Every structure is written in structure tokens, then in C-alpha cells.
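Numbering-wise (my numbering), the sequence shown opens with residue 25 and increments by one.
Even glycine gets a Cβ: it sits at the ideal position worked out from N, Cα and C.
Bear in mind the structure is a predicted one, so any value in this text is a computation, not a measurement.
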Amino acid sequence: MPRAATTSDAFNAVAEPRRREILNFLALQERPVGDIVDSINLEQPSVSKHLRVLREVGLVNVRRDGRRMLYRTNAEAIRPLYEWTSMFERFWRHQLNRIKERAEARVDRSSEHDQIRKGEKNDPDPSGN
């Protein structure tokens, strides 16, 4: 089955790691293309192509400031991604809590076993006399 175009929706657009890197970089403030190029160590034409895809699916907005083009994330467009991934975050948090509980129970049982063994070694007369 052919893969959907990267410009068809936000999920396809963020499937590319460099685009996620760009979104991370733009998360805190608006930036010009040159800053993005410098931060992710990618050639300007490639950054521009990734920005075009992100812009087409609405994940970034652009505005002109004189000769510069400034890019920023569009938080509202990112919301569906966040909401969908939140379901998996809850799942993994639950799984990690279960692992933690099992590990702690194992440590507790091991400590009890060690204490019993130490008690046997310290008791010279096992009959208690």
C-alpha cells in the first residue's frame, strides 16, 4: 500500500525526524530560517523544504519581518498530535508503575529472606534453648 503524502496531515509530516527537530527548536520562540539551519546542522534548502511541509499541514506559521521570514509553531495544530499520543503516555505510565511495583515487591521479599537467613546464622541453638 502506498504511503500517504507527507503533506496530507500532521501525523505524516512529523513522521520525519528532522521535522520533529525543527518543531522542537521552534517550540519556545519564533525564529528565522538561518537560526534553524544553524541549530540542526542541515543545509538551508533542506530546512526550507521541511518548513514548507510543516507550513502546508499547519504545524508552523510564518510571517515576514522586512526581508526575513520568521517561523513559529502553531500550538492549536499540534493539539491533535498531543491528544492522540497522550493515550499512549497513560498506557506506558501504567506499565512502568506495574514494573516498579513488581521490582519493589521483589526487593521486599529479598530483604525479608535475607533477614530470616541472618537470624538463622545468629542463633547458635536452632531449637531456641
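Residue of the options minimising C-alpha distance to residue i
| i | options | result |
| --- | --- | --- |
| A99 | K142, L78 and S32 | L78 |
| A51 | A129, S135, Y95 and E128 | Y95 |
| V71 | G90, N48, P104 and R42 | R42 |
| D33 | L105, L120, R55 and R87 | L105 |
| R44 | K142, I102 and G143 | I102 |
Status (buried if at least 16 other CB within 10 Å, exposed otherwise) for residue i
| i | result |
| --- | --- |
| I60 | buried |
| H74 | buried |
CB of residue i within 7 Å of CB of residue j, strictly
| i | j | result |
| --- | --- | --- |
| L47 | T97 | yes |
| P56 | R92 | yes |
Heavy atom of the ligand GDP within 6 Å of residue i beta-carbon
| i | result |
| --- | --- |
| L52 | What this structure holds is no ligand at all, so the ligand GDP is not there to describe. |
Exercise. Within the chosen definition, does the stretch 56 to 76 reach the stretch 108 to 120 through at least 3 CB pairs nearer than 8 Å?
Worked result: As far as the Cβ criterion goes, the stretch 56 to 76 does not touch the stretch 108 to 120, which means the pair count is below three.
For this session: Count the C-beta pairs between the stretch 32 to 52 and the stretch 77 to 91 that are closer than 8 Å, then say yes if the count reaches three, no if not.
Result: Counting Cβ pairs under 8 Å, three or more are found: they touch.
For this session: Only counting runs of 3 or more residues, tell me where the beta strand (DSSP E) segments fall wholly within the stretch 79 to 145, in order along the chain.
Result: 84 to 89 and 92 to 97
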